[in-house]
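Below is one structure, written out as structure tokens; comments come after it.
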Amino acid sequence: MFAKIQNNRNLLGYAFMVPAAFLLLVFLTYPLGLGVWLGFTDTKIGRAGSFIGLENYQFLFGDSVARLSLFNTIFYTVVASILKFGLGLWLALLLNKRLPFKTFFRAVILLPWIVPTALSAIVFWWIYDSQFSVISWVLIRLGLIDSYINFLGDPWNARLSTIAANVWRGIPFVAISLLAGLQTISPSLYEAAAIDGATPWQQFRNITLPMLTPIIAVVMTFSVLFTFTDFQLIYVLTRGGPLNATHLMATLSFQRAIPGGALGEGAALAIAMVPFLLAAILFSYFGLQRRAWQQGGDQ
């Protein structure tokens, strides 16, 4: 039997897929299915619930905190993703040039990405401290402000502060990924464009951007997914405060389900994130289709 499997490529391939399929089933499919089921029940911690249909979703639709978390999540994701893309693309273009110590800078830029999220959040919590903030201290010494800024105590200051922390952490992923894409573009294209008299902006617009579009689609899809489902940074930095101003759907779902004990309500809030995540995945799919078209495919 074992010899037969070794000689059959299809059976051998399926045999190698079994462990991965088992892990996906246990750690992905089952939790997802359980979460969907809990969203339709009134389950509490320590008490088995019963099926209540769409009542959790109807409650969340009318819940002002849940609506605020949706606004916070969209605002947080859109602003942070745009900033990460702009700054990441700028860094990628800069690191693609002939610079001294270029390899060193490429390694250093990865540090914010590889540092544990909880540690990054603790550092930013200290930077934003209302009494010992290094930002406020520098601005006071420069004479630009008279008192320390309440970064995490004011709702809009807290929103912008968490976005800044997320951007700092996410830029390396975007920059290194786009840098890899830039290095696949043939230098002969730029040489031909320069001979034809194209300016640097025209070269970027007509060569760099179109050739980089497929990678931008994939990179930004992952960036949006990471940002939309962000939990650790917000939970460590603000716990959703002040006045729920920084609660994302992920953090509010955890708060309602675990500390609050309402597993059904928390699961419903988490499942409500799925349509937005599917939209990001479809964006990636169409980006890949554009890549096939650029390479001479049928699509």
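Residue numbers (our numbering): 1 to 299. Each residue gets a CB set at the ideal place from its N, CA and C atoms; glycine is no exception.
With a contact defined as Cβ atoms closer than 8 Å, Ile234 and Thr246 qualify at about 6 Å. For Thr199, the number of other beta carbons within 10 angstroms of its own is below 16, and it is reported as exposed.
With fewer than 16 neighbouring CB atoms inside 10 Å of its own CB, Ile145 falls in the exposed class. With a cutoff of 8 Å on beta-carbon distance, Phe124 and Ala217 are scored as not near each other. In this chain, the alpha helix (DSSP H) harbouring Ser69 covers Ser64 to Leu95. Across the set Leu209, Pro210, Phe228 and Leu152, the C-alpha of Leu152 shows the shortest separation from the C-alpha of Leu237. DSSP lists no bridge partner for Ala279. Contact annotation: Lys44 and Gly261 have beta-carbon atoms nearer than 8 Å. Met249 is a Cβ neighbour of Ala272, given a cutoff of 8 Å. Among the bridge pairs identified by DSSP, Lys44 is matched with Arg47 and Ala262. At a cut-off of 4 residues, the continuous stretches assigned as alpha helix (DSSP H) that sit fully inside the stretch 106–148 are 111–114, 117–127 and 134–141. Measuring C-alpha to C-alpha distances from Leu179 to each of Thr251, Leu91, Val167 and Pro214 identifies Leu91 as the nearest. With a beta-carbon spacing of about 11 Å, Phe105 and Leu111 fall beyond the 8 Å limit used to define contacts. Exclusion of the five residues before and after Leu83 leaves Val167 as the residues of its chain whose Cβ lies within less than 6 Å of its Cβ.
Take Phe231, set aside five residues on each side of it, and the residues of its chain with a beta-carbon closer than 8 Å to its own are Leu248, Ala250, Thr251 and Phe254, in chain order.
Within the same chain, and ignoring the five residues on either side of Ala158 in sequence, the residues whose Cβ sits closer than 8 Å to its Cβ are Phe151, Leu152, Thr238, Gly241, Pro242, Ala245 and Thr246. Residue nearest to Arg169 within the set Gly39, Phe276 and Pro116 is Pro116 (criterion: CA-CA distance).
Taking 8 Å as the cut-off, the Cβ atoms of Ser161 and Tyr148 do not count as close. Between Val219 and Val174 the beta-carbon gap is near 6 Å, inside 8 Å, which marks them as a contact. For a cut-off of 8 Å, the C-beta gap from Leu182 to Asn96 is around 5 Å, short enough to register as a contact.
Judged by beta-carbon spacing, Asp42 lies beyond the 8 Å limit of Gly33, meaning their Cβ atoms are not closer than that value. Taking C-beta atoms as the reference points, Ala280 and Leu225 count as a pair closer than 8 Å. DSSP places Ala272 in the coil class of the three-state scheme, outside both helix and strand. Looking at the backbone, the Cα of Gly35 and that of Tyr14 are separated by about 29 Å.
For a cut-off of 8 Å, the C-beta gap from Ile135 to Ile127 is around 6 Å, short enough to register as a contact.
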